[in-house]
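Protein chains in written order, with UniProt numbering: chain A, 1 to 309; chain B, 1 to 221.
Inspection log for the structure reproduced underneath, given as structure tokens.
Structure, rendered in structure tokens:
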């Protein structure tokens, strides 16, 4: 089989095309392109050509499929459009980097005399709530890192390198911002009861969040195949994205206990981001599981924040 | 019914555009008149009232974009109007010491000419459904000169205001407080100046792209 590889502007990416066996898969094609262009498979986006002026979305080639699936009739030739996605990193790497920052930066404000450089001389009195906040915070991000390596299953997909900088900027900046105010020499603690309620509720939500992630992990079939399934069990019976729900509520708990504007700003931003993800996922699941052609019907559920949404 | 709302929309937008245009004409008139009569030190006090009305009315444009009355993206409108409101209320209104500076003159001249052209353009468009070609050309060419002068004046005035901001302690929230929050207007102003560094080239290239699009379209027609 002869495969012609072109760029979106029509330029030939691989001179003379690539000759492959009839049983070759898309992955084989990607390896062949890698040999000829140095663009490794995860940064290749291969699609079928679209007629000029057509508004159809191009078909993206699935690396597991046979090339024969994409040919018309018994044709011995195939043309694919190549796009370079740029440097890629695994999601594990991405998540580790973004979570390591908050885990290391927060203790800096607690343990080290950084407030001298902000103009606050003299001894800093540490309130119990500040110590518990440190434990809570480090537990949270340590949990996330451990989940990244031992709980979460990642699909074949990778993430652009630029996302590492964007996501790290987000997590590290907010982490430092919150740490600055919670550990501040002029920090005003809330009363004991409010602290207990906040941290207690927050810990409960963190543990629930962990359990939600276990449920999601077990959703993947033993073979590690892709594809969507309806999450069931625990809070997923009520909310489509129960993992996001528990994530939001655990930050709410933290904020109730520590009471900083910085923390609440982070909560609002995080809620906004996760709500968008949840809406997209909810929409996708309802579309996939519409109760037709033998498919199960997606049950009625809240999206992310009952009783509001 | 749809026709009625469409008519109502055009009527409202026409009224809005011509009214704000009048405001900016007043600003320019008072600036030039005062410049001619008594010098740049008094430009601000002469133009203050129409400036406040005209610039603050621009907030409505953000609403227009959000509601869908006009097609301009809020991401383009919001930063520009925010920076101007910051200058008008956050710097000039809040710190009288800045008002007599010569940069106020260059600021107000740049702004008012830009806005007169822009609101005339929109006024014609909404009222008559077309725009004269000379106005279209002005709309998409005058920014080449006026944006640099306007932006330079904005940054310059923020810079000049910094010592007064620091000395006054205005708009600051200090700890300790129940919500464990603090805000320092002095550093916020420095951050605002910093935002101009990536913001200005972005706005300029956006306008250049708009220019290419608009003028090539008119050439084709």
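By construction, the Cβ of each residue, glycine as well, lies at the ideal position given by its N, Cα and C atoms.
Taking C-alpha positions only, residue 265 (chain A) is separated from residue 105 (chain A) by approximately 19 Å. Approximately 6 Å separates the beta-carbon atoms of residue 86 (chain A) and residue 160 (chain A); this is inside 8 Å, confirming the contact. Secondary structure note for residue 36 (chain A): its alpha helix (DSSP H) is the uninterrupted segment 26-37. In this structure, the alpha-carbon of residue 251 (chain A) lies about 38 Å from that of residue 62 (chain A). Between the region 16-25 of chain B and the region 119-130 of chain B there are three or more inter-stretch CB-CB distances shorter than 8 Å, so the stretches are counted as touching. Distance from the CA of residue 56 (chain B) to the CA of residue 167 (chain B), rounded to the nearest whole angstrom, comes to 27 Å. Residue 184 (chain A) has a beta carbon lying within less than 9 Å of a beta carbon in chain B. For residue 86 (chain B), the secondary structure class from DSSP, reduced to helix, strand or coil, is helix. Taking 9 Å as the cut-off, the beta carbon of residue 177 (chain A) is found no closer than this to the beta carbon of residue 182 (chain B). Put simply, of A:43, A:238, A:141 the residue whose alpha carbon is nearest the alpha carbon of residue 305 (chain A) is A:238. Taking 9 Å as the cut-off, the beta carbon of residue 7 (chain A) is found closer than this to the beta carbon of residue 82 (chain A). The three-state reading of DSSP puts residue 159 (chain A) in strand, counting E and B together. None of the residues of the region 127-148 of chain A has a beta carbon lying less than 7 Å from any beta carbon of chain B. Among the residues facing chain A, residue 177 (chain B) is included, as its CB has a counterpart in that chain under 9 Å away.
Close to residue 125 (chain A), with beta-carbon spacing below 8 Å, lies no residue of chain B; the smallest spacing is near 12 Å. Counting C-beta atoms within 10 angstroms of its own C-beta, residue 195 (chain B) has fewer than 16 neighbours from the protein chains shown and is therefore classed as exposed. Contacts with chain B at 9 Å (Cβ-Cβ) do not include residue 173 (chain A). Assignment of residue 4 (chain A) by DSSP, reduced to helix, strand and coil, places it in the strand class. The residue among B:2, B:179, B:172, B:210 with its C-alpha nearest the C-alpha of residue 143 (chain B) is B:210. Residue nearest to residue 154 (chain A) within the set A:29, A:55, A:213, A:26 is A:213 (criterion: CA-CA distance). Residue 163 (chain B) and residue 99 (chain B) have their C-alpha atoms roughly 14 Å apart. Note that the region 251-261 of chain A touches the region 202-210 of chain A; at least 3 beta-carbon pairs, one per stretch, sit closer than 8 Å. Within chain B, the C-beta atoms nearer than 8 Å to that of residue 259 (chain A) come from 178, 179, 180, in chain order. Shown here is that no member of the region 85-109 of chain A has a Cβ falling below 8 Å from a Cβ of chain B. DSSP, reduced to helix, strand and coil, places residue 46 (chain A) within a strand of the structure shown. Scanning A:229, A:43, A:215, A:17 for the CA closest to the CA of residue 289 (chain A) turns up A:229.
Between the region 53-69 of chain A and the region 109-122 of chain A there are fewer than three C-beta pairs closer than 8 Å, too few to call the two in contact. Residue state for residue 131 (chain B) is assigned as coil, using DSSP reduced to three classes.
In this structure residue 107 (chain A) is in contact with residue 134 (chain A), their Cβ atoms being roughly 7 Å apart against a cut-off of 8 Å. A Cβ-Cβ separation of about 7 Å places residue 180 (chain B) in contact with residue 261 (chain A) under the 8 Å criterion.
Setting aside the 5 residues that flank it on each side, residue 146 (chain B) is surrounded in the same chain by 110, 113, 114, each with a C-beta closer than 7 Å to its C-beta; the list follows chain order. Taking 4 residues as the shortest admissible run, the region 74-136 of chain A contains the following complete alpha helix (DSSP H) segments, listed from N- to C-terminal end: 91-111. Residue 99 (chain A) sits close to residue 171 (chain A), with the two beta carbons spaced by under 9 Å. By the CB criterion at 9 Å, residue 108 (chain B) and residue 31 (chain B) fall inside the cutoff. In this structure, the alpha-carbon of residue 302 (chain A) lies about 41 Å from that of residue 30 (chain A). When secondary structure is reduced to three states using DSSP, residue 154 (chain B) falls in the helix class.
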